[in-house]
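For reference, the structure discussed in these notes is given below.
Residue numbers (our numbering): 16 to 423.
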């Protein structure tokens with residue numbers, strides 16, 4: 016194993032499992048033949064699992080090549096670089112695999128979810144929804160337009176994907192579902208443009224909170240075990256998503272704006288910002304909401320009970336600058352404040368998972384424009400990330416995390 020690959024291993028371990036940061040050292044000679052055999056066995060296993068999704072032998076081979084390329088230590092992972100890495104003269108075969116070959120990316124998504132649950136299932140896990148932006152040029156890519164992306168930190172020409180992540184109490188995290196956000200006016204106002212980008216004729220506009228509800232429903236149907244749902248303000252202030260979660264008795268902790276109005280136990284109508292000014296000093300509790308790459312995330316927390324049964328509001332205060340953040344909680348099981356804090360802190364893992372998927376599994380390196388091709392590339396990248404997460408999980412148990420990819 017060369018030095019570049021060894022550094023890549025340490026970097027991925029630190030991203031996917033922050034509690035191992037600073038401990039993931041692979042000195043020369045640390046990787047044994049047994050380690051390599053374990054890596055090959057795991058990779059061959061997932062290749063065998065996805066094989067039945069493809070009708071033709073060459074399609075199965077392309078799937079393996081593409082997955083190897085997404086896992087390889089390449090600076091960028093697109094059709095050209097993956098083809099070159101696989102020893103192909105040109106990327107046409109891999110481009111056909113993404114754009115034209117008949118195969119179902121939703122079946123692959125279900126396989127990714129099943130594979131993740133085999134290793135990470137936890138009844139106390141948290142589901143997290145989050146949008147991720149992908150900067151793009153031109154106007155041909157499905158769903159692209161100038162729009163704000165929190166990932167990019169600006170208004171830009173981009174696509175936005177809505178992702179559902181799974182984070183368990185052992186610190187494992189993985190992406191288990193995805194939807195491409197297609198803006199309403201710039202796309203559904205012109206079906207010719209949709210047809211050119213391969214957007215199905217029967218697809219209807221869905222907001223990102225609606226997409227999150229659809230993904231949660233699929234997770235429920237698949238029997239995915241979890242205790243909480245977490246998300247940022249875009250989702251937390253959406254009444255339709257809150258109603259869906261409450262109808263399904265799903266406990267949630269979602270961020271909300273400071274001007275959110277609620278009725279307290281005394282029947283007073285006020286904003287969360289106004290309520291925060293009334294919190295007594297002794298009512299703040301200093302707690303860690305998880306561990307990140309820089310150590311424990313420690314804040315002051317205050318809990319407000321609302322006038323509606325099962326509903327609470329949590330205020331988070333930075334111990335560095337006093338900055339406040341606010342959360343709406345649906346807590347029908349009446350769990351303690353420690354669980355609310357834990358669930359609130361679990362929103363960060365999806366951002367770390369997206370970072371890992373982009374940096375190490377090629378999530379954002381695609382060069383496809385068609386709607387179904389986006390799903391194919393993204394889902395293969397999710398499988399690659401799940402594989403990395405599984406190998407990282409094994410490293411916690413004393414098994415070396417491996418990143419030795421061959422082009423064969």
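Glycine included, C-beta positions come from ideal geometry on N, C-alpha and C. All of these numbers come straight from a predicted model, not from anything done at the bench.
Asked	Found
From 194, 55 and 261, residue whose alpha carbon lies closest to that of residue 394	194
Alpha helix (DSSP H) segment containing residue 123, residue limits	120-135
Alpha-carbon spacing of residue 160 relative to residue 144, whole angstroms	22 angstroms
Residue range of the beta strand (DSSP E) that includes residue 320	310-320
Distance CB(residue 315)-CB(residue 303) smaller than 9 angstroms	no
Whole-number beta carbon distance between residue 156 and residue 384, since they are thought to touch under 8 angstroms	5 angstroms
Segments of 4+ residues assigned as alpha helix (DSSP H) that fall wholly inside the segment 242-305	248-251, 254-262 and 287-292
Sequence ranges, beta strand (DSSP E) only - wholly within the segment 175-241, length at least 3	188-196
Contacts around residue 134, its chain only, beta-carbon distance under 8 angstroms, and the 5 residues preceding and following it disregarded	187, 404, 405 and 408
Cross-strand partners of residue 340 (DSSP beta bridge)	331
DSSP three-state assignment for residue 401, whether helix, strand or coil	helix
Exposed unless 16 or more other CB atoms sit within 10 angstroms - verdict on residue 232	exposed
When 152, 184, 96 and 88 are compared against residue 306, the one with the closest alpha-carbon	184
Residue 330 versus residue 361: straight-line alpha-carbon distance, rounded	16 angstroms
Beta-carbon gap between residue 224 and residue 255 smaller than 9 angstroms	yes
Straight-line Cα distance separating residue 313 from residue 410	27 angstroms
Through-space distance from residue 79 to residue 62, alpha-carbon basis	6 angstroms
Residue 265 to residue 243 span [Cα, whole Å]	7 angstroms
Cβ shell of residue 81 (< 7 angstroms), same chain only, five flanking positions each side left out	97, 109, 112 and 395
Rounded separation between residue 137 and residue 147 - CA only	25 angstroms
Distance between residue 292 and residue 180 (C-alpha atoms, nearest Å)	34 angstroms
Neighbour-count burial assignment, residue 258, 16 or more Cβ in a 10 Å radius	exposed
Residue 142, enclosing beta strand (DSSP E) - first and last residue	141-150
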